[in-house]
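Line by line, the protein sequences give chains Y and E. Those letters in the first sequence? Residues 34 to 239, per the numbering used here, in order. Those letters in the second sequence? Residues 34 to 239, per the numbering used here, in order. Every residue gets a Cβ at the ideal spot worked out from N, C-alpha and C, and that includes glycine. A short write-up of the structure that comes next.
Protein chains: 2
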Amino acid sequence: MPAKSPTGAFARAQAQGEAALRTALLDIAAGLLAAEGPAALSMRRLATAADCSTTVLYRQFGAKDAITAALYREGFARLRRRLDAVPRGDDPAEYLAALGRAYRANALEEPNFYGVMHGEAVPGFVPDEESRAAAAASLDVLREAARACVEAGVLRPDADVDEVTDLLWAAAHGVISLERGGHFPGALGEERFRALTRAAVAAFLP
Amino acid sequence: MPAKSPTGAFARAQAQGEAALRTALLDIAAGLLAAEGPAALSMRRLATAADCSTTVLYRQFGAKDAITAALYREGFARLRRRLDAVPRGDDPAEYLAALGRAYRANALEEPNFYGVMHGEAVPGFVPDEESRAAAAASLDVLREAARACVEAGVLRPDADVDEVTDLLWAAAHGVISLERGGHFPGALGEERFRALTRAAVAAFLP
DNA sequence: CGCGGTCAAATAACGCCGTTATCTGAGAAT
DNA sequence: ATTCTCAGATAACGGCGTTATTTGACCGCG
Numbered sequence: 034m035p036a037k038s039p040t041g042a043f044a045r046a047q048a049q050g051e052a053a054l055r056t057a058l059l060d061i062a063a064g065l066l067a068a069e070g071p072a073a074l075s076m077r078r079l080a081t082a083a084d085c086s087t088t089v090l091y092r093q094f095g096a097k098d099a100i101t102a103a104l105y106r107e108g109f110a111r112l113r114r115r116l117d118a119v120p121r122g123d124d125p126a127e128y129l130a131a132l133g134r135a136y137r138a139n140a141l142e143e144p145n146f147y148g149v150m151h152g153e154a155v156p157g158f159v160p161d162e163e164s165r166a167a168a169a170a171s172l173d174v175l176r177e178a179a180r181a182c183v184e185a186g187v188l189r190p191d192a193d194v195d196e197v198t199d200l201l202w203a204a205a206h207g208v209i210s211l212e213r214g215g216h217f218p219g220a221l222g223e224e225r226f227r228a229l230t231r232a233a234v235a236a237f238l239p
Numbered sequence: 034m035p036a037k038s039p040t041g042a043f044a045r046a047q048a049q050g051e052a053a054l055r056t057a058l059l060d061i062a063a064g065l066l067a068a069e070g071p072a073a074l075s076m077r078r079l080a081t082a083a084d085c086s087t088t089v090l091y092r093q094f095g096a097k098d099a100i101t102a103a104l105y106r107e108g109f110a111r112l113r114r115r116l117d118a119v120p121r122g123d124d125p126a127e128y129l130a131a132l133g134r135a136y137r138a139n140a141l142e143e144p145n146f147y148g149v150m151h152g153e154a155v156p157g158f159v160p161d162e163e164s165r166a167a168a169a170a171s172l173d174v175l176r177e178a179a180r181a182c183v184e185a186g187v188l189r190p191d192a193d194v195d196e197v198t199d200l201l202w203a204a205a206h207g208v209i210s211l212e213r214g215g216h217f218p219g220a221l222g223e224e225r226f227r228a229l230t231r232a233a234v235a236a237f238l239p
């Protein structure tokens with residue numbers, strides 16, 4: 034009899050080497066987080082979902098923080114893909130607005146990832162500098178859009194592109210965070226989002 | 034020998050009735066939160082700090098959520114006191130700016146309370162509608178300041194005072210939240226805070 | 001072929017957590 | 001004085017992150 038066919042996700046991934054195992058475990062963790070929230074992200078739960086023991090997780094990641102960090106980066110990677118998928122039209126201002134809508138859509142459709150990305154899910158977790166840099170880099174396309182607006186004359190020529198990016202990010206995140214906290218019920222969230230992001234952009238109009 | 038003098042905070046408060054006991058326990062919880070962070074907010078830790086057993090806590094509060102809710106409200110109550118203490122000068126616009134600075138100072142000086150207030154500390158906790166209303170009411174003085182600005186002609190006469198309040202709150206919180214996440218290192222937090230709150234106000238200038 | 005050695009994985013333990021069941025003991029009511 | 005009541009302490013349950021110990025499959029080598 035040849036090698037018996039693997040039954041669990043762990044055994045299947047293990048057969049393809051260490052790297053495949055790592056990503057398979059992270060995939061399971063991401064699925065668990067997205068589907069059931071951060072409370073389901075326990076080492077034991079994850080091990081059970083992967084059909085292995087917690088030893089494998091500690092061997093692969095060292096501690097839970099490393100898994101959390103990976104999900105933090107995965108969350109920002111998903112955001113980045115979402116923003117990158119927004120079509121660049123002719124109008125730089127409209128492109129900027131579309132990026133804002135995409136940011137909000139991503140936050141509302143992946144609320145559990147958003148929680149990890151902004152520290153609302155795993156209390157003790159603090160991302161390291163590299164993870165934070167990767168997070169900020171997810172907004173590169175937003176920065177480029179801001180630059181395009183400056184170059185097209187939509188924004189003041191002396192506008193600081195980094196500042197535009199930061200303020201748009203803070204404006205979007207501020208509204209979304211309060212909305213998630215229940216402070217902007219119903220359609221108020223969307224209204225406030227539009228108003229504050231518009232106000233942030235308006236600060237840099239010629 | 035008369036009644037022996039009580040040794041722990043629990044025994045002392047217990048002698049003064051149920052209400053005093055409740056507030057004493059919450060005081061201890063608030064101190065624990067402020068001094069050691071949300072991780073120190075465990076039922077066992079709190080019981081130990083109060084020199085009693087966890088039974089007392091469950092009898093008094095039912096479950097940990099009730100304690101968390103009380104600290105959520107306490108956090109917003111502290112914010113309210115802080116905002117109420119800002120002197121109303123002659124200039125409504127300057128008063129508005131001073132309120133913004135007070136909001137930020139409160140957030141940075143009571144980071145652990147700020148975490149509870151915005152769900153970054155106790156993962157499962159969701160405040161009930163009454164607590165959320167009390168939270169929003171903490172910003173009443175900000176709303177009144179906005180109204181004063183409208184009436185003084187500093188802001189457009191048709192400006193929606195609630196919208197001004199919401200946008201200022203979201204702007205302030207957005208910057209502070211990203212700053213807490215490590216995205217605005219050094220003095221950048223303060224700069225971004227000033228810029229975005231100014232931008233939010235500017236949206237309502239005549 | 002047998003036989004140590006190596007090392008990944010499983011099992012089980014430790015000390016936390018929130019919560020709850022059981023026990024204890026002081027005071028009120030009869 | 002005896003019984004009842006009920007607040008509080010103790011100890012338990014299941015779950016958590018983490019780690020020590022055990023198991024067992026594979027490997028080179030006599």
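Could you give the residue range of the alpha helix (DSSP H) that holds residue i?
i, result
"Arg242(Y)", "In the structure as shown, chain Y begins at 34 and stops at 239. Residue 242(Y) is therefore absent and cannot be evaluated."
"Glu143(Y)", "Premise fails: Glu143(Y) is in no alpha helix (DSSP H) and is neither H nor E."
"Ser171(Y)", "It is not in any alpha helix (DSSP H) - Ser171(Y) carries neither H nor E in the DSSP assignment."
"Gly215(E)", "Premise fails: Gly215(E) is in no alpha helix (DSSP H) and is neither H nor E."
"Gly64(E)", "51-69"
Interface residues of chain Y around residue i at Cβ under 7 angstroms?
i, result
"Arg225(E)", "Asp199, Leu200, Ala203"
"Pro156(E)", "Pro71, Ala72, Ala154, Pro156"
How about residue i and residue j: are their beta carbons less than 7 angstroms apart?
i, j, result
"Leu188(Y)", "Val208(Y)", "no"
"Phe109(E)", "Ala168(E)", "yes"
"Ala154(E)", "Pro156(Y)", "yes"
"Ser171(E)", "Tyr105(E)", "no"
"Asn139(Y)", "Leu175(Y)", "no"
"Gly70(E)", "Asn145(E)", "yes"
"Leu90(E)", "Met76(E)", "yes"
"Leu59(E)", "Ala103(E)", "yes"
"Ala192(E)", "Ala233(Y)", "no"
"Ala80(E)", "Thr87(E)", "yes"
Rounded to the nearest angstrom, what separates residue i and residue j at their Cα positions?
i, j, result
"Thr101(Y)", "Ala83(E)", "34 angstroms"
"Ala122(E)", "Pro190(E)", "A small correction: the amino acid at residue 122(E) is Gly; Ala does not occupy that position in the sequence shown. Spanning the two alpha carbons is a distance of roughly 21 angstroms."
"Phe237(E)", "Arg134(E)", "19 angstroms"
"Asp173(Y)", "Arg114(Y)", "11 angstroms"
"Glu127(Y)", "Ala205(Y)", "16 angstroms"
"Ser210(Y)", "Glu223(Y)", "12 angstroms"
"Ala203(E)", "Trp202(Y)", "12 angstroms"
"Gly64(E)", "Leu74(E)", "10 angstroms"
"Ala99(Y)", "Pro239(E)", "51 angstroms"
"Gly148(E)", "Arg137(E)", "13 angstroms"
"Ala52(Y)", "Gly219(Y)", "44 angstroms"
"Arg227(Y)", "His151(E)", "22 angstroms"
"Ile61(E)", "Ala62(Y)", "37 angstroms"
"Arg78(E)", "Ala68(E)", "13 angstroms"
"Ala130(Y)", "Leu221(E)", "25 angstroms"
For residue i, which option in the options has the closest C-alpha, if you only look at C-alpha atoms?
i, options, result
"Leu200(E)", "Phe217(Y), Leu116(Y), Arg225(Y)", "Arg225(Y)"
"Ala181(Y)", "Ala170(Y), Ser171(Y), Val197(Y), Ala166(Y)", "Val197(Y)"
"Leu54(E)", "Ala179(E), Gln93(E), Gly148(E), Ala140(E)", "Gln93(E)"
"Gly215(Y)", "Arg227(E), Gly214(E), Asp161(E), Pro239(E)", "Asp161(E)"
"Arg213(Y)", "Glu142(Y), Val183(Y), Asp193(Y)", "Glu142(Y)"
"Ala287(E)", "Phe158(E), Val183(E), Ala220(E), Leu221(E)", "Coverage of chain E is limited to positions 34 through 239, which leaves residue 287(E) absent and any answer about it impossible."
"Val194(Y)", "Thr88(Y), Ala99(Y), Ala179(Y), Ala220(Y)", "Ala179(Y)"
"Ala185(E)", "Pro125(E), His151(E), Ala192(E), Ala118(E)", "Pro125(E)"
"Asp117(E)", "Leu79(E), Glu177(E), Ala220(E)", "Glu177(E)"
"Ala166(E)", "Ala52(Y), Phe217(Y), Ala68(Y)", "Phe217(Y)"
"Phe158(E)", "Ala72(Y), Ile61(Y), Ala68(Y), Arg78(Y)", "Ala72(Y)"
"Ala42(E)", "Arg78(E), Cys85(E), Ala68(E)", "Cys85(E)"
Just the chain E side, please: which residues come within less than 8 angstroms of residue i by C-beta, in chain order?
i, result
"Ser246(Y)", "No statement about residue 246(Y) is possible, as the shown extent of chain Y runs from 34 to 239 and does not include it."
"Val174(Y)", "The premise fails here: Val174(Y) is roughly 17 angstroms from chain E at the closest Cβ pair, so nothing lies under 8 angstroms."
Residues of chain E with CB closer than 9 angstroms to the CB of residue i, please, in chain order.
i, result
"Phe217(Y)", "Asp199, Ala203"
"Leu144(Y)", "Here the sequence assigns Pro to residue 144(Y), which means Leu is not the residue at that position. Under the 9 angstroms cutoff, chain E gives no residues; its nearest Cβ is about 11 angstroms from Pro144(Y)."
In chain Y, which residues lie with their C-beta within 9 angstroms of the C-beta of residue i?
i, result
"Glu196(E)", "Glu224, Arg225, Ala228"
"Ala232(E)", "Leu200, Ala204, Leu229, Ala232, Ala233, Val234, Ala235, Ala236, Phe237"
Residues of chain E with a CB under 7 angstroms from the CB of residue i: which are they?
i, result
"Gly214(Y)", "His151, Gly152"
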